[in-house]
């Protein structure tokens, strides 16, 4: 298959992550002037246990973390979407050394799932933003941020597992 007919990167599936990124940035910029002189640096089991002086670098850690995650996951999704599927390789070139999608449709499905996981991670960072950008200095952190993060992270993994399972089923069909 020529590279011109290769599946395109699923740009619409990146939009939720970009919207989250813009929203997080706007939220942080809006509350930054009202933040106390020290902001949470580390949250432990008993609440905030380390503080940092207020600066763009310390206050916007969740945003910078999500930018890095979005770049990494978008790159991974791009690579998956552009991978030569197994059904397009000559039988002599097929080895078990590289895990390839079964078909071009499977590659796009997996790329979309990676982008959904990234959006779920961005949503899971919102409780961290709520703690990071409180306008009063308090070490107390409610019980809810960690379970919310974990539920959203696991929810983001579901499409990835579903795409991998569908790919496995497609491989069985094409090798018969």
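Residue numbers (UniProt numbering): 1 to 176.
We put the CB at the ideal spot given by N, CA and C, even for glycine.
Contact annotation: residue 133 and residue 77 have beta-carbon atoms that are not nearer than 9 Å. Straight-line spacing of the CA atoms in residue 9 and residue 138 works out to 44 Å. Counting the other CB atoms within 10 Å of its CB gives residue 103 a total of 16 or more, which places it among the buried residues. The straight-line gap separating the alpha-carbon atoms of residue 54 and residue 101 is approximately 46 Å. Where residue 123 is concerned, the enclosing alpha helix (DSSP H) starts and stops at 104 to 124.
The alpha helix (DSSP H) runs of length 4 or more contained entirely in the UniProt domain "DUF1648" (20 to 64) are, from start to end of the chain, 56 to 59. For residue 44 and residue 126, the gap between their C-alpha atoms comes out near 17 Å. Around the beta-carbon of residue 83, 16 or more other beta-carbon atoms lie within 10 Å, marking it buried. Put simply, the backbone Cα of residue 161 is about 42 Å away from that of residue 34.
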